[in-house]
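A.B. asks:
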Amino acid sequence: SFVVSTPRGEFRVRLGLPGAHNVGNALAATAVGLACGLDLAEIKAGLESVQPTGGRLALSTTHGGAALIDDCYNANPGSVRAAIDLLASCPGRRTLVLGAMLELGERSEQLHREIGTYAAAAGIDQFCGVGDPLRPAVAAFGAGGRWFKDCDAAFAALAREFAVGDTVLVKGSRGARMEQLLHALQAGEPARGN
8 SFVVSTPRGE
18 FRVRLGLPGA
28 HNVGNALAAT
38 AVGLACGLDL
48 AEIKAGLESV
58 QPTGGRLALS
68 TTHGGAALID
78 DCYNANPGSV
88 RAAIDLLASC
98 PGRRTLVLGA
108 MLELGERSEQ
118 LHREIGTYAA
128 AAGIDQFCGV
138 GDPLRPAVAA
148 FGAGGRWFKD
158 CDAAFAALAR
168 EFAVGDTVLV
178 KGSRGARMEQ
188 LLHALQAGEP
198 ARGN
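And the structure:
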């Protein structure tokens, strides 16, 4: 929870969305609400009613009982850093499973490498890169970095690795189709029809 201070007064809000970056989003929504003439009680109620949707920091569990954060909807360097910050704040062994960030152009290798460095500096315990663009990120992460050619290979290696007390965050651009791996980790069996 956090306190929102406005020219009309203050209120404490318990946001249903994880991640410090969503505080900024909530403050922007507050400004819009004020501009539209809503009172503070209406703004507070609206903010507290928001819940994550599939692919955008939705929480579930793996087949083995680990906390699983679904952030598969899309990925760019800023959103991946925000996801890493969220994962770093979680208890237990923290694993980032990342598919490619697409449409980065000639800076793709550098930006993926920077994500590996950022994850290591944030204290992430294990970094699993899926797909060729993630090779530089895994190398930059160092010890605890693992690379997989695709979601099937990642599932084969990771299927029984996560347990109660672990937190796993799965993220990637839409084209990486990381939701296939996410659903397989939830079910404990490979996705059908890949």
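If you're matching positions, the sequence shown starts at 8 in the numbering used here and goes up one per residue. Idealized CB from N, CA, C, for every residue including glycine.
1. Can you tell me whether L93 is buried or exposed, with buried defined as 16 or more other CB within 10 angstroms of its CB?
2. Give the single residue among T124, A27, H28, S86 whose Cα lies nearest to the Cα of L109.
3. Please tell me whether G106 and D132 are closer than 7 Å, where the distance is taken between their beta carbons.
4. If you reduce the DSSP assignment to three classes, tell me which class Q58 lands in.
5. If you draw a straight line from the alpha carbon of A147 to that of G123, how long is it in whole angstroms?
6. Can you give me the Cβ contacts of E116 inside the same chain, cut-off strictly under 7 Å, excluding the 5 residues immediately before and after it?
7. Determine the extent of the alpha helix (DSSP H) in which S86 is found, giving its start and end residues.
8. Could you pull out every unbroken beta strand (DSSP E) segment of at least 3 residues lying fully inside the segment 108-137, listed in chain order?
9. F134: which of Y125, R153, T69 sits nearest, CA to CA?
10. Comparing alpha-carbon positions, which option in A128, R63, A170, E113 lies nearest E186?
11. Per DSSP, L105 forms a beta bridge with which residues?
12. I need the DSSP call for R184, collapsed to helix, strand or coil.
13. What three-state label does DSSP hand L202 in the structure shown?
14. By the three-class DSSP mapping on this structure, what secondary structure does E17 have?
15. Is the beta carbon of R15 sitting closer than 7 Å to the one on L47?
16. Go through its chain and collect everything with a Cβ distance to R231's Cβ below 7 Å, but skip five positions before and after it.
17. Could you work out which residue in V57, H119, A65, R120 is closest to G22 when comparing CA atoms only?
C.D. replies: By the coordinates alone:
1. Note on L93: 16 or more other CB atoms within 10 angstroms of its CB, so buried under the neighbour-count rule.
2. S86
3. no
4. Q58: coil per DSSP, three-state reduction.
5. 5 Å
6. P143
7. Per DSSP, the continuous alpha helix (DSSP H) segment holding S86 begins and ends at 84-95.
8. 133-137
9. R153
10. R63
11. G136, K178
12. coil
13. Since the first and last residues shown for the chain are 8 and 201, residue 202 lies out of range.
14. If DSSP states are grouped into helix, strand and coil, E17 belongs with the strands.
15. Yes, Cβ-Cβ distance for R15 and L47 is below 7 Å.
16. Residue 231 falls outside the range modelled here, since the chain spans only 8 to 201, and no answer is possible.
17. A small fix is needed here, since residue 22 is Leu in this sequence, not Gly. Checked all of V57, H119, A65, R120; the closest Cα to L22 is V57.
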